[in-house]
Amino acid sequence: MSARLYASEIKPPLDSSTWQLLRRLLAKAVRPYARHLTAAVLLMGGVAGATAFTTYLLKPVVDEVFVAREAAMLWPVGGAVLLAFLVKGAADFGQAALMSFVGLRIVANMQQRLFDHLISMDVPFFAATATGRLIARFTNDVQLLRATVSNTLTGFGKDSLTLVGLIINMFVQDWLLAVMSFFIFPAAVLPIVRLGQRMRKVTINTQEHIGLLTTILEQDFHGIRVVKAYGMEENEKGKVASAIEEVFRLTLKAQFTRAFSSPIMEMLGGIAITTVIVYGGWRVIASDMTAGSFFSFIASLLTAYRPLKALGGVNATLQEGLASAQRLFAILDTQPLVTDSPAARPLAITNGTIRFEHVTFAYGTNTPPVLEGLSLEVPAGRTVALVGPSGAGKTTLLNLIPRFWDVNAGGITIGGRDVRDVTLASLRAQIALVGQETILFDDTVRANIAYGRVEADMSEIEAAARHAAAH
Numbered sequence: 118m119s120a121r122l123y124a125s126e127i128k129p130p131l132d133s134s135t136w137q138l139l140r141r142l143l144a145k146a147v148r149p150y151a152r153h154l155t156a157a158v159l160l161m162g163g164v165a166g167a168t169a170f171t172t173y174l175l176k177p178v179v180d181e182v183f184v185a186r187e188a189a190m191l192w193p194v195g196g197a198v199l200l201a202f203l204v205k206g207a208a209d210f211g212q213a214a215l216m217s218f219v220g221l222r223i224v225a226n227m228q229q230r231l232f233d234h235l236i237s238m239d240v241p242f243f244a245a246t247a248t249g250r251l252i253a254r255f256t257n258d259v260q261l262l263r264a265t266v267s268n269t270l271t272g273f274g275k276d277s278l279t280l281v282g283l284i285i286n287m288f289v290q291d292w293l294l295a296v297m298s299f300f301i302f303p304a305a306v307l308p309i310v311r312l313g314q315r316m317r318k319v320t321i322n323t324q325e326h327i328g329l330l331t332t333i334l335e336q337d338f339h340g341i342r343v344v345k346a347y348g349m350e351e352n353e354k355g356k357v358a359s360a361i362e363e364v365f366r367l368t369l370k371a372q373f374t375r376a377f378s379s380p381i382m383e384m385l386g387g388i389a390i391t392t393v394i395v396y397g398g399w400r401v402i403a404s405d406m407t408a409g410s411f412f413s414f415i416a417s418l419l420t421a422y423r424p425l426k427a428l429g430g431v432n433a434t435l436q437e438g439l440a441s442a443q444r445l446f447a448i449l450d451t452q453p454l455v456t457d458s459p460a461a462r463p464l465a466i467t468n469g470t471i472r473f474e475h476v477t478f479a480y481g482t483n484t485p486p487v488l489e490g491l492s493l494e495v496p497a498g499r500t501v502a503l504v505g506p507s508g509a510g511k512t513t514l515l516n517l518i519p520r521f522w523d524v525n526a527g528g529i530t531i532g533g534r535d536v537r538d539v540t541l542a543s544l545r546a547q548i549a550l551v552g553q554e555t556i557l558f559d560d561t562v563r564a565n566i567a568y569g570r571v572e573a574d575m576s577e578i579e580a581a582a583r584h585a586a587a588h
């Protein structure tokens, strides 16, 4: 099967609905922490209640202390204010700690899940997918997802509950003034939704170009000897500069899109506050409303502006995270092309003869075959050298034996058994790979020598090192 078949499969589907992605994200990433989130929401309710209660206390402060000059009210009101702030501070710390825990656990679990899936993918997948793009999804997309989950849940939790508490106090003080104040805010819904849709598209493009930049950097650092040997430093500088500039342009566009919700909320907030001052002031002058009720009301309105403005930006934050979720789910939904057949059995070698029987293989559906109708027998116990010009298919031939790729036609047998009829694990356990490129993992020398045989003792490791002239 061709590696190129993967190219279109790992692109995120742009038409995925917000609710479809959100349901999947909540089920896969958020649901395991339902108890932590429930506790966080309860603490957010404490923050909201304390905030609303603080604005309510302005009524007795103004009416009883400053207007009626009731000295007996000083300590009760002062104590209530202090208690409200203590509750708010403790609850805010608790919910922030819980949300940080949930956000970081989501990152860790998603990264582990992503790696577990990627390590199970086949060689054609990695041949078709740039390493830098995979690393970008591992880092940028997962971190953006964490920020989205934390900020969105906090927005819908603390900010919305705070807003509800403040609105309740506003209706308690003067229901008609409350209705007039909030009648204008539904006008902000449509532009905010449209901004969110645009935000997701911009974020997808930004993350794709960050992946491209990571790929260029990874290729340049990995191939630094080739770059220097051919004097291509200036050329690579130009490529990286172009990629950085594109990331800058798209990131700036995303920031402008996000910031556009602010003037909308500023304008609507200004209209609401002006309405309250003019109409509320007239009612106080007419003695239809006490000064304490007015100050309590306007304090609630001014305090409500921050969570209301934050909720206006939640959709943009949510769309950023959903764009990352699309990219992550696109990888998680991609399945390997080279797999065990349902009837696969472990390979037990009694006769190690390898036969290529009329093998045809091409790396792409529209590319000429590298091997065509090849038949070859390698008897058990023999050492065979494949000799030919570069590009003749020598490496390809060897890669077909452990099923790094599958043949397009014909078959390969070991001891008379087709390699597609045995399990991949048992097949590859019989094969030792010594590639042309030296690969050293970030581990001890001992661990590198024993790679693939972690149970090997020290004498076996030393013997292997001596045979490789590395002892």
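Remember, the numbering used here sits 117 above the position in the sequence shown when you count from 1. Built from N, CA and C at the ideal position, the CB exists for glycine as well. Being a predicted model, the structure only gives us computed values, none of them experimental.
Note on geometry: alpha-carbon atoms of N257 and Q324 lie some 8 Å from one another.
Taking all protein chains in view, the Cβ of K345 is surrounded by fewer than 16 other Cβ atoms within 10 Å, so the residue is classified as exposed. According to the DSSP assignment, I471 belongs to the beta strand (DSSP E) that extends over 471–478. In this structure, F170 sits away from Q290, with a CB-CB distance that is not shorter than 8 Å. Going by C-alpha positions, V455 is about 7 Å away from W522.
Of all alpha-carbon atoms in L541, E363, Y396, R250, the one lying nearest the alpha-carbon of S441 is that of R250. With contacts defined as CB atoms closer than 8 Å, M216 and L139 fail to qualify as a contacting pair.
A check of alpha carbon separations from L261 across L203, L221, G272 identifies L221 as the nearest.
CA-CA distance, T470 to V539, rounds to 15 Å.
L143 and R315 have their alpha carbons spaced roughly 22 Å apart. Between the alpha carbons of A580 and R563 lies a gap of roughly 12 Å. E494 is bridged by DSSP to R472.
Distance check between T374 and each of V431, A201, L491, I236 places V431 closest, using alpha-carbon atoms only.
A distance below 6 Å between beta-carbons, with the five flanking residues on each side excluded, links A295 to the following residues of its chain, in chain order: M287, F288. In this structure, DSSP gives G348 a state outside helix and strand, which the three-state scheme calls coil. E489 carries a strand assignment under DSSP once its states are collapsed to helix, strand and coil. For a cut-off of 8 Å, the C-beta gap from A253 to T368 is around 14 Å, too long to register as a contact. Residue burial annotation: H588 is exposed, with fewer than 16 other C-beta atoms found within 10 angstroms of its C-beta. Excluding its 5 nearest sequence neighbours in each direction, K176 has C-beta neighbours in its own chain below 8 Å: Q290, T407, G409, S410, F412, S413, listed in chain order. Listed in chain order, the non-local C-beta contacts of G510 below 7 Å within the same chain comprise V487, L488, local neighbours out to five positions each way being set aside. By the neighbour-count criterion, in which a residue is buried when 16 or more other Cβ atoms sit within 10 angstroms of its Cβ, H584 is exposed. Assignment of beta-bridge partners to A526 by DSSP yields T477. Between N483 and the set T561, N525, S458, the nearest pair of CA atoms involves N525. Excluding five sequence positions before and after R230, none of the CB atoms of its chain fall closer than 6 Å to its own CB.
The continuous stretches of alpha helix (DSSP H) do not include P453, and DSSP gives it neither H nor E. In the three-state reduction of the DSSP assignment, V539 falls in the strand class.
Linking L199 to A207 through their CA atoms gives a straight-line distance of about 12 Å. Pairing L428 with S543 gives a Cβ-Cβ distance that is not under 8 Å. Around M161, the same chain offers Q212, G274, K275, L278 as residues with beta carbons nearer than 6 Å, after the five sequence neighbours per side are excluded. Here the alpha carbons of D233 and N322 stand approximately 26 Å from one another. Residue burial is scored here from C-beta neighbours: A460 has fewer than 16 other C-beta atoms within 10 angstroms and is therefore classed as exposed. DSSP links R534 through a beta bridge to I531. Within a 10 Å sphere around the beta-carbon of P496 sit fewer than 16 other beta-carbons, which makes this residue exposed. Sixteen is the threshold: since fewer than 16 other Cβ atoms of the shown chains lie within 10 Å of the Cβ of G533, the residue is exposed. Residue range 151–173 is occupied by the alpha helix (DSSP H) that includes Y173.
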